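Report on the following structure.
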Amino acid sequence: MKLTDIQSKVDSKFFKEHQKKLYQSLEDKHTTIEELDDGDPLTSKMVLNMGPQHPATHGVLRLVLQLNGESIEKTKLDIGYLHRGVEKIAENKTYQEFMPYTDRMDYLSPYSNNVALCQAVEKLSNVEVPERAHYIRMIGAELARISSHLLWLGTMVMDAGAVSFFIWTFKEREKIYDIMDRLAGHRFTVSHARIGGVANDITDEAMGAIKEFVDTFPNELKDYHKLLDRNRIFFDRNEAVGVLKTEDALRYGATGPVLRASGFGMDIRKFEPYARYNEVEFDIPTRLEGDNLARYYVRMEEMSESIRIIKQCLDKLPKGPVRTDNAKQAYPSKDEVYYSMEGMIHDFMMTDTGICPPEGAEAYTAVESPKGELGYYIQSDGTGHPWRLKIRAPSFVNLQVLENVIDGEMVADTVVIIGGIDPVLGEADK
Amino acid sequence: MSLELSESLQKTVDALTESFSKKILDVYQSSGRTFVLVDLNSIIEISTFLKENQHFTYLADVFGIDRYTSDDRFEVVYNLISLKNGDRLFVKVRCEEENPEVDSVTSVWQSAGWNEREVYDMFGIKFNNHPDLRRIFMPEDFEYFPLRKEFPLLGIPGSIDLPNSTPDTE
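Keeping their order, the protein sequence lines are chains A and B.
Using the numbering used here, the letters of the first sequence correspond one by one to residues 3 to 432.
Using the numbering used here, the letters of the second sequence correspond one by one to residues 145 to 314.
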């Protein structure tokens, strides 16, 4: 099929230039493939638009697929339907004000995003974080990882055909939401971390809920394994689908579980340990196959590793303050704000100007979010607002991998492969 | 200023200054990260050297910065990881406000493709020899570059043609 055919048939109503260039770019991809004559209907090709409003694309992802019968010849991805310009917004907010926006980046694991932002700002302005706050952050981030992986598990198995599984994983996610509610005061967009520590200490109620979850969740995980590990249909749908070789994964810049399932054990928690990850023991699950089934195993094992980390954190949790006691760097505690004049002034100052890192300082820190390496680069100009804040979003780079992995697969496998890559468009589109 | 570098990173910096003495404009550290400012025209040469000889096989990110100065207004930063030595190195190039152009590093690291598209979309920096240089977040019909400092936070009214919200009244 020639480009002109697509153009005349589509007749786009808006963003005309955009659609034209997108189809042109699809046409130009792998130009070495020989074009078949489209006079014969049996050899004719079809261009299929999937998304942005499609339940299986996990958000507003649009794929333009050129099909040959049932197999995909080439694919182009169109993202940006959820672009909110958070990097621009960040330049006009104080560092603490920007935190609620990070919740809405990877909205499946808000806690990791909060921690990532805080660490970058702390690095930039040399803020010491109390020991206890580090451990609370680790507990929160690992709970967020489990929550994110549970959603992935439910939706991926649903993509493969088993709808009831979704409800079972959501039962467990609900428990994590309850824990977050007790820990941070919010169920979903938590904003619990603060620059210089965390907002509040773990309450007894939250502690009890976390302990109960840590005890009961491994049994649930066992049940999931029982249901899927010997499931013929699940295997047939996932085995040898969406294969990504190790060298390709590194070349395309894959990150997180996608990279680890391709045989490279890269994990920021080991590569550049942050918080107190160097003081707890855990393994990095890795597989060699690089197919969707490998990604399933990697994420399932990561959940048990997370439980292992949380258990160690609960044992090691030191006593002490949860936020640094320096009015120039962090919010004062609420006791101080309500009962002393200075406390109130400091609270106003923090809200109005916030923390001011040294002029010209640049910092980059990364955390291992459930999707991969989540990095924050911040450049300061000495005021309370960042001069430039860049978010290295793992879903964004993994979507680039998707564009290459999906070529040559079957149409029916697209949804399973998207499920296996597990992108979050809130993060990819910024 | 003396630099505090890990052993392997020190070797890399030494090798760079030895092989490209004139083209390395500055080496500095900030918050524990090492930044190397290099000459705009030799970015491909230096990238190839870093990848082939210094094990920087993984490109984590490419992003732009608007410095808002009269000379060398834009900066493109490459975030490189050496998986062998566990190092991270930031390579920077600077380009002019008028017609900013940088050679694309997609021939060295294929993963730069989308990142460079993002820089183009947000700052309007053109990447020479990029295989598919289109906007990535904004539609092609959009004429501005949002992360440039002169772009207003509220956006420019009427700059994006939105679809009809009531489809029946076409």
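Cβ coordinates follow ideal geometry from the N, Cα and C atoms, glycine included.
It should be emphasised that the depicted structure is a prediction, and the values quoted were computed from it without experimental measurement.
Report the residue ranges of all alpha helix (DSSP H) runs contained in full by the stretch 224-310 of chain B; include only those spanning at least 4 residues, in chain order. As far as the stretch 224-310 of chain B is concerned, its whole alpha helix (DSSP H) runs of at least 4 residues are 256-267.
Within 9 Å (strictly less), CB to CB, does residue 247 of chain A reach chain B? No, because no Cβ of chain B sits closer than 9 Å to the Cβ of residue 247 of chain A.
Work out the CA separation of residue 287 of chain B and residue 205 of chain B for me, nearest whole Å. Distance between residue 205 of chain B and residue 287 of chain B, taken at the CA atoms: about 25 Å.
Strictly by DSSP, which residues pair up with residue 2 of chain A? Within the shown structure, residues of chain A are numbered from 3 to 432, placing residue 2 of chain A beyond reach of any answer.
Just to confirm, is the Cβ distance from residue 194 of chain B to residue 235 of chain B under 9 Å? A contact, by the Cβ cut-off of 9 Å.
is_contact[residue 257 of chain A, chain B] using C-beta, thresh 9 Å: Judged by the 9 Å Cβ criterion, residue 257 of chain A is in contact with chain B.
Compute the Euclidean distance between the alpha carbons of residue 154 of chain A and residue 223 of chain B, then round it to the nearest angstrom. Each residue's Cα considered, the two are about 29 Å apart.
How many angstroms separate the CA atom of residue 284 of chain B from the CA atom of residue 248 of chain B? About 20 Å.
Helix, strand or coil at residue 432 of chain A according to DSSP, with G and I counted as helix: Looking at residue 432 of chain A - three-state DSSP - the assignment turns out to be coil, as it is neither helix nor strand.
Count the other CB atoms, across all protein chains shown, that sit within 10 Å of the CB of residue 90 of chain A; report buried if there are 16 or more and exposed otherwise. Residue 90 of chain A is buried by the Cβ-count criterion.
Whole alpha helix (DSSP H) elements within the stretch 218-288 of chain A, 4-residue minimum: Taken in chain order, the unbroken stretches of alpha helix (DSSP H) that lie wholly in the stretch 218-288 of chain A and span 4 residues or more are 234-240, 248-254, 259-263 and 270-273.
Using a Cβ-Cβ cutoff of 9 Å, what residues of the stretch 222-255 of chain B are near chain A? List them in chain order. Listed by position, the residues of the stretch 222-255 of chain B near chain A (Cβ gap below 9 Å) are 223, 225, 227, 230, 232, 234, 253, 254 and 255.
Per DSSP, which one or two residues make a beta bridge with residue 209 of chain B? DSSP links residue 209 of chain B through a beta bridge to B:219.
Would you say residue 218 of chain B faces chain A, with C-beta separation under 9 Å as the test? No, residue 218 of chain B lies away from the interface with chain A (no Cβ there is under 9 Å from its Cβ).
Taking a contact to mean a Cβ-Cβ separation below 9 Å, would you say residue 108 of chain A touches residue 397 of chain A in this structure? Their beta carbons are under 9 Å apart, which means residue 108 of chain A touches residue 397 of chain A by this criterion.
Residues, ordered as in the chain, of the stretch 201-215 of chain B that lie near chain A by beta-carbon distance below 8 Å: Listed by position, the residues of the stretch 201-215 of chain B near chain A (Cβ gap below 8 Å) are 201, 202, 203, 204, 205, 207, 209 and 210.
Output needed for residue 302 of chain A: all residues of its chain with C-beta closer than 6 Å, excluding positions within five of it in sequence on either side, in chain order. By the criterion of a C-beta distance shorter than 6 Å, residue 302 of chain A is surrounded by no residue of its chain, once the five residues flanking it on both sides are discounted.
Take the Cβ of residue 334 of chain A as the centre, count every other Cβ of all protein chains shown within 10 Å, and call the residue buried at 16 or more, exposed below. Buried is the call here.
Rounded to a whole number of angstroms, what is the C-alpha to C-alpha distance between residue 174 of chain B and residue 364 of chain A? Rounded to whole angstroms, residue 174 of chain B and residue 364 of chain A show a C-alpha spacing of 6 Å.
Here's a check: name, in chain order, each residue in its chain whose Cβ is nearer than 6 Å to the Cβ of residue 287 of chain A, leaving out the five neighbours to either side. Excluding residues within five positions, the ones whose Cβ falls inside 6 Å are 300, 303 and 304.
Rounded to the nearest angstrom, what separates residue 112 of chain A and residue 428 of chain A at their Cα positions? Residue 112 of chain A and residue 428 of chain A have their C-alpha atoms some 11 Å from each other.
Chain B contact residues for residue 399 of chain A, given Cβ-Cβ distances below 9 Å: Close partners of residue 399 of chain A in chain B (Cβ separation under 9 Å): 204, 205, 255, 258 and 259.
First and last residue of the alpha helix (DSSP H) that includes residue 144 of chain A? 133-161 is the span of the alpha helix (DSSP H), which, as asked, contains residue 144 of chain A.
Name, in chain order, the residues that DSSP records as bridge partners for residue 397 of chain A. Answer is none; residue 397 of chain A lacks a bridge partner.
Min CB distance residue 94 of chain A to chain B below 9 Å: Yes, residue 94 of chain A counts as interfacial toward chain B.
Is there a C-beta anywhere in chain B that falls below 9 Å from the one on residue 16 of chain A? Residue 16 of chain A counts as touching chain B.
Secondary structure at residue 196 of chain B, three-state DSSP: helix, strand or coil? Reduced to three states, the DSSP call for residue 196 of chain B is helix.
To which residues does DSSP link residue 388 of chain A through a beta bridge? Partner(s): A:382.
Test: residue 308 of chain B CB closer than 9 Å to a CB of chain A: Closer than 9 Å to some Cβ of chain A, the Cβ of residue 308 of chain B qualifies, so yes.
Among A:252, A:240, A:13 and A:19, nearest to residue 163 of chain A - alpha-carbon criterion: Per the Cα distances, A:240.
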